[in-house]
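Student: One structure is given below, represented as C-alpha cells, and several questions about it will come after.
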Amino acid sequence: MASDSVFAAVVRAPEDPILGVTVAYNKDTSPNKLNLGVGAYRTEEGKPLVLNVVRRAEQILVNDESRVKEYLGITGLADFNKLSAKLILGADSPAIQDNRVTTVQCLSGTGSLRVGAEFLARHYHEQWEQIRQLIRSKQLLPFFDSAYQGFASGSLDADAESVRMFVADGGECLAAQSYAKNMGLYGERVGALSIVCKAADVASRVESQLKLVIRPMYSNPPIHGASIVAAILKDSEMYQEWTVELKAMADRILSMRQQLFEALSARGTPGDWSHIIKQIGMFTFTGLNSEQVAFMTKEYHIYMTSDGRISMAGLSSRTVPHLADAIHAAVTRST
C-alpha cells in the first residue's frame, strides 16, 4: 500500500512553468500545434539546429586519440575557463591582464548562477543596517546573467558591452555565462562563472572558496561540451565560422519579429504591437494575459508561458500567420 511508503507524505509538485509548456505541447495531437515556450533555437522548418562549426569541433575531438575521459579538476577545463573570460570580458580586459578574474566551469547558465549565489551567501553576509547603507549609497554588486550573448544584436562584443563597462571602471562583479543558446549546446550543460575582483590575491582566495562550493555540489564538471567550446574559441577559423552562424540565427529572429508585427498590423489587431520589434533577443513579452494565453492554447494549439512570453526562435515564416490569427482572435475576443 502507498501508505506504507516512507514517501507517502510527498505531494505532487507542479509542472515547471516553462518546461511544463513542452510537456503539454507533447501531449497535443494537433498537426497545427506550435511550441513557443522553451527558449531553444529552431530552423525555418521548425527543426533543432546543430551548428556546422560545432560538428567540426566534435569531429576534431573524436579524431584526437590523445583525449581521455578522466575527471576534470574542480574548476573545470582550463582552456575553456580562460577563453570564456575573454569572450565575456574582452581579450584586452585590464582585469584579465592583472589576473583579477577567477573563472570556473559550471553546469550551463543555471549552474553558474547557483555557484555564484552559493558563494555570495557564504561570503557576502550583510546585517540589516549594512544592507540599508548599501542600498542608500547604491554600492551594489552586479551579477550578470549572460545566457544569450550574441543573440541581442548578432555581435558577441556588442552584447557584452554592459559587462565590460563595469569591469573597465575597476569595480567588482560576477558574470554567469551559458553556451546553450549561442552554440546550441543545450544538452551539454556548458557554462562558466567569472568573478572580477579588486586584486589578484583576492581573486585567488575567491577561487579557493568556489572550489569548496563546487566540490559537494557536483564535484567537477563534464568535459565534452567544454572541449567543444574551447576548440571553437581558440581556433580563429572556427571562431569566425561561429560568429557567422550566430549572426544568421540572430538575423532570423529579427525577421520573425518584423513578420509578426506586420502580420498583426495587416489584421488590424487592436493595440500597439511595436514592442515586438523594439524588444531584442530570443523572447518577446507580448503583453497577452493568462486568459488570452489559455484561449490560444485551447483554440489554436499554441503553447507559451502564462505571462504571454513567446520564443521568437520557435517561429517560422510558415507559422507566423497562425500565431497572428491566434493573437488577433484572443485580443478581439476580450475587447
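So for the sequence shown, my numbering puts the first residue at 4; every next one is plus one.
Every residue, glycine too, gets a C-beta built ideally from N, C-alpha and C.
1) Taking its Cβ as the centre, do 16 or more other Cβ atoms sit within 10 Å of residue 319, making it buried, or is it exposed?
2) DSSP three-state label for residue 82, please.
3) Classify residue 261 as buried or exposed, calling it buried when 16 or more other Cβ atoms lie within 10 Å of its own Cβ.
4) Which one of 249, 278 and 268 has the shortest CA to CA distance from residue 45?
5) For residue 244, I'd like the list of residues in its chain whose CB is within less than 6 Å of its CB, leaving aside the five on either flank, ordered along the chain.
6) In chain order, what residues of the same chain lie with their CB nearer than 7 Å to the CB of residue 224, ignoring the 5 residues before and after it?
7) Just verifying my parser: in three-state terms, what is the DSSP assignment at residue 24?
8) Specify the secondary structure class of residue 317 as computed by DSSP and reduced to three states.
9) Could you say which of 211, 60, 28 and 162 lies nearest to residue 77 if we only look at CA atoms?
10) So, does the CB of residue 56 fall closer than 8 Å to a CB anywhere in chain C?
11) Would DSSP call residue 108 helix, strand or coil?
12) Can you tell which of 11, 256 and 187 has the C-alpha that lies nearest to the C-alpha of residue 58?
13) Which one or two residues does DSSP pair with residue 38 in a beta bridge?
14) Pull up the CB-CB distance for residue 317 and residue 296, whole angstroms please, since I reckon it's below 8 Å.
15) Closer than 7 Å by C-beta to residue 116: which residues in its own chain qualify, once you throw out the five before and the five after it? Chain order, please.
16) For residue 189, which residues from the same chain have a beta carbon less than 7 Å from its beta carbon, with the 5 sequence-adjacent residues on both sides left out?
17) Check this for me: beta carbons of residue 322 and residue 52, under 8 Å apart or not?
18) What residue from 155, 123 and 7 has the CA that sits closest to residue 255's CA?
19) Let me know if residue 191 comes out buried or exposed under the rule of 16 or more other beta-carbons within 10 Å of its beta-carbon.
20) Helix, strand or coil, according to DSSP, for residue 196 in the structure here?
21) Within the chosen definition, does the region 59–67 reach the region 193–207 through at least 3 CB pairs nearer than 8 Å?
22) Write down the C-beta distance between residue 39 and residue 305 rounded to the nearest angstrom, noting that I regard them as a contact closer than 8 Å.
23) Roughly how far, in whole angstroms, is the beta-carbon of residue 166 from the beta-carbon of residue 86, given that I think they are within contact range, below 8 Å?
24) What whole-angstrom Cβ distance do residue 213 and residue 113 have, given they're in contact under 8 Å?
25) Under the three-state reduction of DSSP, which class applies to residue 212: helix, strand or coil?
26) Looking at the structure shown, is residue 51 part of a helix, part of a strand, or coil, going by DSSP?
27) My guess is that residue 251 and residue 102 are in contact by the Cβ rule of under 8 Å, so how many angstroms apart are they, rounded?
28) If we ignore side chains and look at the alpha-carbon of each, how far apart do residue 41 and residue 307 end up?
29) So what does residue 287 bridge to, in DSSP terms?
Tutor: Result, derived from the coordinates:
1) Along the sequence shown, read from residue 1 onward, the residue named residue 319 stands at position 316. Buried.
2) Along the sequence shown, one-based indexing puts residue 82 at 79. Three-state result, residue 82: helix.
3) Stepping through the sequence shown from its first residue, residue 261 is reached at position 258. That one is exposed.
4) Within the sequence shown, the letter at position 42 stands for residue 45. Nearest C-alpha to residue 45: 249.
5) Residue 244 sits at position 241 when you count from the first residue of the sequence shown. 56, listed in sequence order.
6) Looking up residue 224 in the sequence shown gives position 221. Contacts found: 75, 79, 108, 109 and 110.
7) If you number the sequence shown from 1, residue 24 lands on position 21. The answer is helix: DSSP assigns residue 24 an H, G or I state.
8) If you number the sequence shown from 1, residue 317 lands on position 314. In the structure shown, residue 317 sits in a helix (DSSP, three-state: H, G or I).
9) Position 74 of the sequence shown holds residue 77. When each option's Cα is compared against that of residue 77, the closest is 211.
10) Among the chains of the structure shown, chain C does not appear; only one protein chain is present.
11) The count along the sequence shown starts at 1 and reaches residue 108 at position 105. The answer is strand: DSSP assigns residue 108 an E or B state.
12) Position 55 of the sequence shown holds residue 58. Nearest C-alpha to residue 58: 187.
13) Start at 1 with the first residue of the sequence shown, and residue 38 comes out as number 35. According to DSSP, residue 38 bridges with 306.
14) Start at 1 with the first residue of the sequence shown, and residue 317 comes out as number 314. Start at 1 with the first residue of the sequence shown, and residue 296 comes out as number 293. Incorrect: roughly 15 Å between the Cβ atoms, too far for contact.
15) Taking the sequence shown and counting its residues from 1, one reaches residue 116 at position 113. These residues qualify, in order along the chain: 148 and 179.
16) Here residue 189 is taken as the residue at index 186 of the sequence shown, counted from 1. Counting only Cβ-Cβ distances below 7 Å, and skipping sequence neighbours, we find 43 and 183.
17) For the purposes of this step, residue 322 is identified with residue 319 of the sequence shown, where counting begins at 1. For the purposes of this step, residue 52 is identified with residue 49 of the sequence shown, where counting begins at 1. Result no, Cβ atoms of residue 322 and residue 52 do not sit closer than 8 Å.
18) By one-based count along the sequence shown, residue 255 stands at place 252. Among 155, 123 and 7, the Cα nearest to that of residue 255 is on 155.
19) For this step, residue 191 is matched to residue 188 along the sequence shown. Buried, since its Cβ has 16 or more Cβ neighbours within 10 Å.
20) Sequence index remark: in the sequence shown, residue 196 carries index 193 (1-based). Note: residue 196 maps to strand in three-state DSSP.
21) no
22) Locating residue 39 in the sequence shown gives position 36, counting from the first residue. Locating residue 305 in the sequence shown gives position 302, counting from the first residue. Right, the Cβ-Cβ distance comes to about 7 Å (below 8 Å), so this counts as a contact.
23) Locating residue 166 in the sequence shown gives position 163, where the first residue counts as 1. Locating residue 86 in the sequence shown gives position 83, where the first residue counts as 1. That pair is no contact at about 16 Å.
24) Within the sequence shown, the letter at position 210 stands for residue 213. Within the sequence shown, the letter at position 110 stands for residue 113. Contact flag wrong, Cβ pair sits at about 16 Å.
25) Locating residue 212 in the sequence shown gives position 209, where the first residue counts as 1. Here residue 212 sits in helix by DSSP.
26) Sequence index remark: in the sequence shown, residue 51 carries index 48 (1-based). In the structure shown, residue 51 sits in a strand (DSSP, three-state: E or B).
27) On the sequence shown, position 248 is the one that residue 251 refers to. On the sequence shown, position 99 is the one that residue 102 refers to. With 8 Å as the limit, residue 251 and residue 102 do not qualify as a contact, their Cβ atoms being about 36 Å apart.
28) Translated into positions along the sequence shown, residue 41 becomes position 38. Translated into positions along the sequence shown, residue 307 becomes position 304. Their backbone Cα atoms lie some 8 Å apart in a straight line.
29) Within the sequence shown, numbered from 1, the residue matching residue 287 stands at position 284. Paired residues: 313.
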